[in-house]
Amino acid sequence: SKYQATMERYYKTI
Amino acid sequence: MFEAKLTDGTIFKKIIEAIKDLVTDVNIDATPTGLSLQAMDSSHVALVNLHLGMEGFERYRCDRNLTLGISITNLAKVMKLVNQNDSITLKCEDEPTYLTIVCQNQKHDRTTQFNVNLITLDSEHLGIPETEYTSEITMNSGEFSKLCKELYALSETVEFEISTTFVKFAVEGEIGSGSIKIQTSADEAETSRPEDTVKLSFALRYLNLFNKAYSLSNQVKLSMAAETPLVVEYEVESLGTLKYYLAPKITD
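These protein sequence lines map, in sequence, to chains A and B.
When we follow this note's numbering, the leftmost residue of the first sequence carries the number 1, and every step to the right adds one.
When we follow this note's numbering, the leftmost residue of the second sequence carries the number 1, and every step to the right adds one.
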């Protein structure tokens, strides 16, 4: 199994 | 200047212990309302978010916003100097090159001081939007920690399922498959949002790293929503919260 996505996909860089 | 004193310094020590294996260099933001920290692990699948409100400190003063870049690895080494029942004071000047840490025992006859050098970091800050979590559960943190440790011996990945009446942790590995199901009617667990069920898979290695925080709180809150990172939240008594976010895995 692998990761669906890293945090950057879920949360916006501010 | 900035100065923050905690009567029970071991709380701060435990927080540093609970994040040191996930994040190495971080920016701690000191503002007039409290201290906060947000950092991702090196693979960017987990995120640590800490907030400590000024009200929880015995003394708190922060004249202007400061960003304190610090090596958590080195801070953890300094925390070894904090003994049981010591108070801890963090302080620095307005344009600091180091953070002073002062630990004092209850009898006030032993004082330890260490200046930790600060570093300049270019760290990405991610904005976490208000999220409507469809499944939330609060359970005993010691039990959750034990369960994750035991399941890691059987599989690298765990599937979480939270429903109206139960929470289920399922694993599948080379030696077989199984699950631990906890009825929400039992004292250990309760759901607050009964309407939806979400199933998501997570890496147990990370959950075990998060569980280093279990001694900070008797309870842990798990929040899930479809295609959203899991939130593992520990309330730090009267001080604030330590939250860990973990991206879900795809199971083949």
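In this text, a Cβ means the ideal position worked out from N, Cα and C, and glycines have one as well.
Contacts between Thr-228 (chain B) and chain A, judged by CB atoms closer than 7 Å, involve Tyr-10 in chain order. Non-local beta-carbon contacts of Ile-28 (chain B) in its own chain, meaning distances under 7 Å to residues more than five positions away in sequence, involve Leu-35, Leu-37, Leu-68, Ile-70 in chain order. A distance below 8 Å separates the beta carbons of Thr-157 (chain B) and Phe-202 (chain B). Rounded to whole angstroms, the separation of the alpha carbons of Phe-114 (chain B) and Glu-3 (chain B) is 14 Å. Counting along the chain, the unbroken alpha helix (DSSP H) around Tyr-206 (chain B) starts and ends at 204–210. The continuous beta strand (DSSP E) containing Ile-162 (chain B) extends over residues 157–162.
In the structure shown, Ile-175 (chain B) adopts coil according to DSSP, grouped into three states. Secondary structure note for Met-79 (chain B): its alpha helix (DSSP H) is the uninterrupted segment 72–79. In this structure, the straight-line span from the alpha carbon of Val-220 (chain B) to that of Leu-50 (chain B) is close to 15 Å.
According to the DSSP assignment, Phe-2 (chain B) belongs to the beta strand (DSSP E) that extends over 2–6.
Contact between Ile-162 (chain B) and Val-116 (chain B) is absent: CB atoms are separated by about 41 Å, not below the 8 Å threshold.
In this structure, Leu-151 (chain B) keeps its C-beta atom at 8 Å or more from the C-beta atom of Tyr-206 (chain B). Here Met-40 (chain B) is bridged, per DSSP, to B:Leu-47. DSSP, reduced to helix, strand and coil, places Ala-247 (chain B) outside both helices and strands of the structure shown, so it counts as coil.
Among the residues of the region 17–39 of chain B, none has a Cβ less than 7 Å away from any Cβ of chain A. Residue state for Leu-22 (chain B) is assigned as coil, using DSSP reduced to three classes. DSSP places Ile-16 (chain B) in the helix class (H, G or I) of the three-state scheme. In the structure shown, Thr-197 (chain B) falls within a coil segment according to DSSP collapsed to helix, strand and coil. Phe-144 (chain B): member of the alpha helix (DSSP H) spanning 141–152, first to last residue. Listed as beta-bridge partners of Gly-53 (chain B) by DSSP are B:Gly-34. Taking Thr-89 (chain B) as the centre and dropping the five residues before and after it, the same chain places the C-beta of Lys-5, Val-102 closer than 6 Å to its C-beta, in chain order. The three-state secondary structure of Ser-135 (chain B), taken from DSSP, is strand.
Taking a beta-carbon distance threshold of 8 Å, Ile-175 (chain B) does not count as an interface residue toward chain A. For Tyr-10 (chain A), the enclosing alpha helix (DSSP H) covers residues 7–10. In this structure, the CA atom of Pro-229 (chain B) is about 30 Å from the CA atom of Asn-65 (chain B).
Short of 6 Å from the beta carbon of Asp-25 (chain B), and not among the five residues preceding or following it, lie these beta carbons of its own chain, in chain order: Ser-71, Leu-121. Under the three-state reduction of DSSP output, Thr-100 (chain B) falls in the strand class. For the region 125–155 of chain B, the beta-carbon criterion of a distance under 7 Å to any beta-carbon of chain A is satisfied by His-125, Leu-126, Gly-127, Ile-128.
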